[in-house]
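Peer 1: Using the UniProt record's numbering, the letters of the sequence shown correspond one by one to residues 1 to 125.
Below you'll find the structure I mean.
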Amino acid sequence: MNIRSSVKTNEQLVPENIQEESELTTLPPKPESLRKGANDQSSKLSLKPAPKLKTGAKTKKELKDEKEGLETKLSSVEGLLNFIDKKHSTGKLDDEEYKKRSKKLQSDLKKTKKKINMINKILKK
């Protein structure tokens with residue numbers, strides 16, 4: 001048996017009615033039930049935005065707990081800064097990577113200190 005004779009061409013695989021160029025038909029009209037404003041049911045099914053969560057004032061205990069967590073985070077970030085400083089000084093961390101990591105940690109340190117200061121101001125009131 002010849003291998004070439006067992007391989008079919010595209011024309012052999014595709015039925016004749018698909019091979020012929022035919023004009024595409026138009027879509028059927030949209031059902032009345034799906035038309036906008038067709039009936040009151042469409043307004044009932046429309047999506048509504050999710051309600052916003054209430055961001056009421058926090059209690060002193062919640063603020064103190066948050067401050068404690070931020071202070072823990074602050075010490076962790078300072079520890080990471082010291083760690084990458086040591087790695088950079090020993091040559092285990094190249095300049096580019098050091099600058100990138102240091103910049104991120106300094107930014108995080110600044111934001112954390114700012115949050116702690118805001119909480120301190122609120123607690124003093």
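Note that the Cβ used here is the ideal one computed from N, Cα and C, for glycine as well.
Quick caveat, the model's predicted, so the values are computed rather than measured.
Output the residue ranges of the alpha helix (DSSP H) runs that lie fully inside the stretch 50–113 and measure 4 residues or longer, sorted by chain position.
Peer 2: Listed in chain order, they are 60–89.
Peer 1: Should leucine 70 and lysine 115 be called a contact, given that it needs their Cβ atoms to be closer than 8 Å?
Peer 2: For the purposes of this step, residue 70 is taken as the residue at position 70 of the sequence shown. For the purposes of this step, residue 115 is taken as the residue at position 115 of the sequence shown. Going by C-beta atoms, leucine 70 is nearer than 8 Å to lysine 115.
Peer 1: Please state the DSSP three-state secondary structure of lysine 30.
Peer 2: Position 30 of the sequence shown, counted from the start, is the residue given in the question as residue 30. DSSP places lysine 30 in coil when its eight states are reduced to three.
Peer 1: Would the beta-carbon of leucine 81 fall within 8 Å of that of threonine 112?
Peer 2: Counted from its first residue, the sequence shown places residue 81 at position 81. Counted from its first residue, the sequence shown places residue 112 at position 112. No, these two residues do not count as a Cβ contact at 8 Å.
Peer 1: When you measure from the CB of threonine 59 to every non-hydrogen atom of the ligand ADP, does any distance come out below 7 Å?
Peer 2: This structure lacks the ligand ADP; in fact it carries no ligand of any kind.
Peer 1: Going straight from the alpha carbon of serine 42 to that of threonine 26, what length do you get?
Peer 2: Within the sequence shown, the letter at position 42 stands for residue 42. Within the sequence shown, the letter at position 26 stands for residue 26. Because the pLDDT of serine 42 is 49, which lies under 50, any placement of that residue in the model is unreliable, and the question is left without a value.
Peer 1: To which residues of the same chain is isoleucine 122 closer than 7 Å at the C-beta, ignoring the five residues directly before and after it?
Peer 2: Indexing the sequence shown from 1 puts residue 122 at position 122. Hits under 7 Å: Leu63.
Peer 1: What is the C-beta distance between leucine 34 and valine 77, in whole angstroms, given that I count them as a contact (C-beta under 8 Å)?
Peer 2: For the purposes of this step, residue 34 is taken as residue 34 along the sequence shown, with counting starting at 1. For the purposes of this step, residue 77 is taken as residue 77 along the sequence shown, with counting starting at 1. The pair is not a contact, with the Cβ atoms about 55 Å apart (cut-off 8 Å).
Peer 1: DSSP state of leucine 47, grouped into three classes?
Peer 2: Taking the sequence shown and counting its residues from 1, one reaches residue 47 at position 47. Reduced to three states, the DSSP call for leucine 47 is coil.
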